[in-house]
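Some notes on the structure that comes next.
Residue numbers (my numbering): 116 to 409.
Dropping the structure here:
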């Protein structure tokens with residue numbers, strides 16, 4: 116098809132000559148003739164393909180529609196119209212994951228071109244339909260990954276908010292009057308440590324002066340008391356933190372697992388898109404590698 120744009124014979128590939136008397140193009144090698152109108156349509160097709168590559172999709176659509184009024188099965192016009200409707204400048208864009216993230220592609224139905232294609236082009240357009248279906252699946256999977264990541268972010272924000280509130284405001288405990296007061300666990304532990312050091316220093320000074328055995332006993336009791344106080348404060352701190360967090364930690368872990376599974380599903384779809392693109396590339400006249408000369 117592409118050779119016709121250069122006014123070459125579609126049968127043998129030879130360069131055509133102009134027969135001014137008959138007002139047509141003639142192939143001097145195989146005798147096939149083409150009228151001027153034929154190549155005028157080819158010029159329109161060429162303009163449409165150029166407009167497509169420049170992103171002028173409206174102009175491209177008009178050109179391809181003109182060709183399709185003459186030949187509803189024209190391969191290049193059908194392919195060009197599909198790309199123009201999808202606002203794609205090249206069939207190569209079908210191999211790019213970012214292309215399929217465009218939600219506007221969801222409104223494009225390549226089945227229209229597949230139904231209009233000639234029998235020999237059906238395989239090509241059927242593969243286009245398949246890759247569009249895969250693209251729809253990828254958009255859905257990509258959206259699921261994004262939503263799951265957003266939900267995880269909310270859980271993490273809640274975790275950090277609770278942690279910051281605990282650090283700044285302390286934990287709620289009841290005092291002797293059964294009233295709720297806020298105790299900062301870090302500050303409480305520091306105060307207990309300071310009191311312990313001061314008490315220990317005083318008792319050691321008394322013991323050095325009096326040598327009374329009651330002093331070591333008091334030291335042991337103070338150590339035990341401080342240890343118990345630290346244990347209680349730590350337990351209250353942990354309990355308060357877990358109560359405020361609820362199942363946040365577990366939810367974050369579950370969300371992480373979900374994100375990994377969704378990402379794996381999306382990546383598998385992308386791999387299938389690329390496999391389908393390779394199949395399209397093998398039969399697309401614009402993309403397939405030229406035959407090796409022997």
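C-beta atoms are modelled at their ideal positions from N, C-alpha and C, and glycine is treated no differently.
Kindly indicate which three-state DSSP category residue i falls into: helix, strand or coil?
i           : result
residue 234 : helix
residue 289 : Residue confidence for residue 289 is low, a pLDDT of 48 falling below 50, so the modelled location carries little weight; the figure read from the coordinates is stated next. Residue 289 falls in the strand class under three-state DSSP.
residue 202 : coil
residue 223 : coil
residue 254 : helix
residue 212 : helix
residue 217 : coil
residue 174 : helix
residue 197 : helix
residue 169 : coil
residue 188 : coil
residue 369 : helix
Straight-line CA distance for residue i to residue j?
i           : j           : result
residue 275 : residue 378 : 26 angstroms
residue 253 : residue 144 : 51 angstroms
residue 243 : residue 191 : 14 angstroms
residue 369 : residue 171 : 47 angstroms
residue 214 : residue 225 : 15 angstroms
residue 173 : residue 134 : 36 angstroms
residue 222 : residue 383 : 23 angstroms
residue 79  : residue 165 : There is no way to answer for residue 79, as the model of the chain reaches only from 116 to 409.
residue 211 : residue 259 : 19 angstroms
residue 162 : residue 381 : 38 angstroms
Name the DSSP beta bridge partners of residue i, please?
i           : result
residue 134 : 139
residue 380 : Beta-bridge pairing links residue 380 to no other residue.
residue 123 : 130
residue 148 : 141
For residue i versus residue j, is the C-beta spacing smaller than 8 angstroms?
i           : j           : result
residue 229 : residue 199 : no
residue 142 : residue 160 : no
residue 219 : residue 202 : yes
residue 397 : residue 263 : no
residue 257 : residue 216 : yes
residue 237 : residue 367 : no
Is any beta-carbon of chain B found at less than 8 angstroms from that of residue i?
i           : result
residue 198 : Looking at the structure shown, chain B is missing, and only one protein chain is on hand.
Checklist entry - Quick one: any contact between the region 246-262 and the region 387-397, if contact means 3 or more CB pairs under 8 angstroms? => result yes
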